[in-house]
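The sequence shown begins at 71 in my numbering and counts up by one. Even for Gly, the Cβ is constructed at its ideal location relative to N, Cα and C.
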Amino acid sequence: MPKVISHALVLPDRDFNQWYQAAQAYIQKFERVAVIRSPRGFNLNRFRNITAVAAPAVWMSDNAVEHIRRVYPAVVRVDVVRATTPEELRSALAARVAANDRYGETINSGRHLDDRFVLDWPVSAAGSRIVQGFNSDLGDGKRLEGLMIAAPRGTQVKAGIGGVVATVIRQQTALGFGEYVQISTNFRGQAYLVTYAGLQNISVQAGANVSSVSAIGQSGGDAIRLVVQTPGRGLGGYQLPDVVDPTPLIYWEGLRLRSISGGLRIREKPGTQFNVLTTVFPIDFLEPMEQHGRTLLKIGQQDQWALVRAPNGIEAHAAAWLMTTLDMDDVLEVFPGVNPVGINLDVVHPLGKPRPERLGRMGWVRLPYNVSYNPDNNTYGNTDIEGAFRRYQPYIRQYAAAGYKVMLVLTHQTFGEGAGYVWPQMGDNDWRGYAARFGQVVGQVARQFAGQNLVHAYQIWNEQDAPHGAGSSVTLSPQNYAAILAESIRAIRGVDRSALILTGGHTGGPVAGPNYARATLAALPAGVAPDGIATHPYGRGVTVGVPYAIFGHIDEEIRNYGAIFPERPLWITEWGVLDRPDDNPADVTRYASEIINYVRARYAGKIATLLWYAWAQGMHNGYGLVGTNDQPRQPLYDQFTRG
Numbered sequence: 071m072p073k074v075i076s077h078a079l080v081l082p083d084r085d086f087n088q089w090y091q092a093a094q095a096y097i098q099k100f101e102r103v104a105v106i107r108s109p110r111g112f113n114l115n116r117f118r119n120i121t122a123v124a125a126p127a128v129w130m131s132d133n134a135v136e137h138i139r140r141v142y143p144a145v146v147r148v149d150v151v152r153a154t155t156p157e158e159l160r161s162a163l164a165a166r167v168a169a170n171d172r173y174g175e176t177i178n179s180g181r182h183l184d185d186r187f188v189l190d191w192p193v194s195a196a197g198s199r200i201v202q203g204f205n206s207d208l209g210d211g212k213r214l215e216g217l218m219i220a221a222p223r224g225t226q227v228k229a230g231i232g233g234v235v236a237t238v239i240r241q242q243t244a245l246g247f248g249e250y251v252q253i254s255t256n257f258r259g260q261a262y263l264v265t266y267a268g269l270q271n272i273s274v275q276a277g278a279n280v281s282s283v284s285a286i287g288q289s290g291g292d293a294i295r296l297v298v299q300t301p302g303r304g305l306g307g308y309q310l311p312d313v314v315d316p317t318p319l320i321y322w323e324g325l326r327l328r329s330i331s332g333g334l335r336i337r338e339k340p341g342t343q344f345n346v347l348t349t350v351f352p353i354d355f356l357e358p359m360e361q362h363g364r365t366l367l368k369i370g371q372q373d374q375w376a377l378v379r380a381p382n383g384i385e386a387h388a389a390a391w392l393m394t395t396l397d398m399d400d401v402l403e404v405f406p407g408v409n410p411v412g413i414n415l416d417v418v419h420p421l422g423k424p425r426p427e428r429l430g431r432m433g434w435v436r437l438p439y440n441v442s443y444n445p446d447n448n449t450y451g452n453t454d455i456e457g458a459f460r461r462y463q464p465y466i467r468q469y470a471a472a473g474y475k476v477m478l479v480l481t482h483q484t485f486g487e488g489a490g491y492v493w494p495q496m497g498d499n500d501w502r503g504y505a506a507r508f509g510q511v512v513g514q515v516a517r518q519f520a521g522q523n524l525v526h527a528y529q530i531w532n533e534q535d536a537p538h539g540a541g542s543s544v545t546l547s548p549q550n551y552a553a554i555l556a557e558s559i560r561a562i563r564g565v566d567r568s569a570l571i572l573t574g575g576h577t578g579g580p581v582a583g584p585n586y587a588r589a590t591l592a593a594l595p596a597g598v599a600p601d602g603i604a605t606h607p608y609g610r611g612v613t614v615g616v617p618y619a620i621f622g623h624i625d626e627e628i629r630n631y632g633a634i635f636p637e638r639p640l641w642i643t644e645w646g647v648l649d650r651p652d653d654n655p656a657d658v659t660r661y662a663s664e665i666i667n668y669v670r671a672r673y674a675g676k677i678a679t680l681l682w683y684a685w686a687q688g689m690h691n692g693y694g695l696v697g698t699n700d701q702p703r704q705p706l707y708d709q710f711t712r713g
């Protein structure tokens, strides 16, 4: 998934609600626009780009650019919208919406934009930092003319700025830089020459055009060297002429910090003698609140303190020598490049199989694989596996071809429904006999899809720990479920070694559910285990007590299930709002966005999927992204399809 630039819209404090309403069309049009009520008391260094409404008495001396550049030096772009009333703002933003132009770059020749020159961080390896700063003593009277950046051998190195490859050197020279690439660019009439040295496997040629995301080679050692020259304006006395300190130019979109020593105390001021305001742990990710180069120069250095923002919103100081770095864009996704947010579909339902392009930026689709039901004659008990394959395969293929990961749910509807089984009356021997037959069917299904990169995960059963009589599942004991799971794992792995195998989604809550899961694992034969645990945390949320979170905080569910396989991600294969079809979509959106944002921030890399139930209203009792008329229910639809 492409990165989305962090962006804040700063509105006046006075008559804020009127200004906010005036900006609604703009906020809904462009994704991830944070709305800030006045710059007073808020650290805008959190954001790369600021759209500043230049109304009277909002900014120092009524000058938004000067104010932001002086107080918030980490901000890259200042986008000024001049408006003295909410109606003027509405009109100005409407032009941007109509032009699909977030910053109005095509309007007014862009004269309202003030950008500073930045270099994107050239590596995204966790733990990367500045290991030697500008002007460091290299011995023999030499000073470092740039920065040394930690990058283990083989780490991909990217250009930090768009431009033209001016020089490619593939052998050692008198400079002692090893292999290096130089990129020339021009910003506001000033020429820049940026050198990336200490490389191997250089992948660009002199004269080529590159962008700030272009790979240029790999690190050839433990660190790479970054040097910036500004011909005619830089400093002398170094190996290269006209150099400038790159530290204030560095920007790492997605940079976060993490404790490496258990509980890390966040203090009121730099120093161990000052008050502790909060404590964070390695699972918590901290935002840097000063220029990224300054932060990266401090990380790993004894007695250095970094200004950070903790997950609870407290901004204060943390011991930089007890922290490391990571890139949120790398750790948010258990499967690199695949959005963990996805959707539950249903091929049998008239609205349950949307065209792939309607799914937008979601990453996963989950489908119950119903062999039992024959839609041609509306009967149950069908065992025609080939017929089911012909019915499902075209849809599965189109989703996979469009880049979505596909999960199939194999349950009593795959085999057993309508075949004479009376579930509540079955004893242990009956379940063992059923498990053997179920495993045979599972193996046949998996063989049909194996080796085609169509099915990426199989989920065995659904809500097996639900109370007896639950309408959406067939309940059974952990021991009997273990028999079904074991037969299924053996059958799938016998024909497909690449697809992941998951437990059914548990619905027993944070105590009974994990106990059921542990009992299941204990009953599995030696050497047989699923790849992941799945849960359905209905009735849980971030804001406890609202109608959609009546059972408590989602933390309880994630932590307790996550502790079963602590080294593996947890799979949330269903979540959403049940039995409230007429609720306001805006309320449901608020609930959904809270969970998505919270899980992304607090459990980055620990949640494999977050699959909403369901795509369409009328797919059982879930709140649909589209209504019974197949039309989007906004703004919920955009929350999921736009990322």
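query	result
Closest Cα partner of Gly-509 within the set Ala-527, Ala-553, Leu-208 and Gly-488	Ala-553
Pick from Ser-76, Gln-252, Gly-304 and Ala-276 that is closest to Ala-260, judged by C-alpha positions	The sequence given here has Gln at residue 260, not Ala. Residue Gly-304 is the option with its Cα nearest to Gln-260.
Inter-residue Cα distance where the pair is Ser-284 and Trp-501	56 angstroms
Beta-carbon separation (whole angstroms), Pro-494 vs His-538, contact threshold 8 angstroms	7 angstroms
Whole-number beta carbon distance between Pro-651 and Gln-687, since they are thought to touch under 8 angstroms	6 angstroms
DSSP bridge partner residues for His-482 (one or two, in chain order)	Its beta-bridge partners do not exist; DSSP assigns none.
Bridge-paired residues (DSSP) for Gln-260	Phe-257
Best match in Val-135, Ile-624, Val-251 and Tyr-474 for proximity to Tyr-668 [C-alpha to C-alpha]	Ile-624
Residue from Val-135, Tyr-308, Gly-574 and Val-418 whose Cα sits closest to the Cα of Asn-447	Val-418
CB contact flag (Leu-572, Ala-527, <7 angstroms)	yes
Any 3 or more C-beta pairs closer than 8 angstroms across the region 309–323 and the region 341–351	no
The region 286–301 touching the region 363–380, judged by at least three CB pairs closer than 8 angstroms	no
Touch test, the region 148–161 against the region 190–199, Cβ-Cβ under 8 angstroms, three pairs minimum	no
Val-167 (DSSP reduced to helix, strand or coil)	helix
As assigned by DSSP and simplified to three states, the class of Leu-392	helix
Proximity to Arg-223 [Cα-Cα], best of Tyr-673, Ser-289 and Gly-232	Ser-289
Per-residue burial, Ala-229 [other beta carbons within 10 Å of its own, 16 or more giving buried]	buried
Cβ shell of Asn-523 (< 7 angstroms), same chain only, five flanking positions each side left out	Ala-470
Residue environment, Lys-212, which counts as buried when at least 16 other CB atoms sit within 10 Å	exposed
Which of helix, strand or coil DSSP assigns to Met-71	Reliability of the predicted coordinates at Met-71 is poor, the pLDDT of 34 falling under 50, and the value obtained from them is presented with this limitation in mind. Met-71: coil per DSSP, three-state reduction.
Glu-664 - DSSP class collapsed to helix/strand/coil	helix
For Asp-83, the three-state DSSP class (helix, strand or coil)	coil
Classification of Ile-200 by the beta-carbon crowding that lies within 10 angstroms, buried from 16 upward	buried
Start and end residues, alpha helix (DSSP H) containing Asn-119	Asn-119 -> not in any alpha helix (DSSP H); beta strand (DSSP E) instead, spanning 119–123.
Cβ distance (whole Å) where Ala-95 is taken to contact Leu-79 below 8 angstroms	Going by Cβ atoms, the distance from Ala-95 to Leu-79 rounds to 12 angstroms, so no, they are not a contact pair.
Backbone secondary structure at Glu-101 - three-state DSSP	coil
Backbone CA spacing between Glu-360 and Asn-382 [nearest angstrom]	18 angstroms
Pair within 7 angstroms by beta-carbon distance, Val-525 and Phe-519	yes
For Leu-269 and Gln-252, believed in contact at Cβ under 8 angstroms, the rounded distance	About 11 angstroms separates the two Cβ atoms, so there is no contact after all.
Proximity of Leu-681 and Arg-436 at Cβ, strictly below 7 angstroms	yes
Beta bridge counterpart(s) of Arg-295 as assigned by DSSP	Met-218 and Ala-267
Between the CA atoms of Arg-172 and Gly-697 - distance to the nearest angstrom	29 angstroms
Whole-angstrom distance between Gly-692 and Gly-422, CA atom to CA atom	12 angstroms
Assumed close pair Val-123, Ala-153 - CB separation to whole angstroms, cut-off 8 angstroms	6 angstroms
Cα-Cα separation between Ala-671 and Phe-355, rounded to whole angstroms	7 angstroms
Burial state of Gln-372, where buried means 16 or more other Cβ atoms lie within 10 Å	exposed
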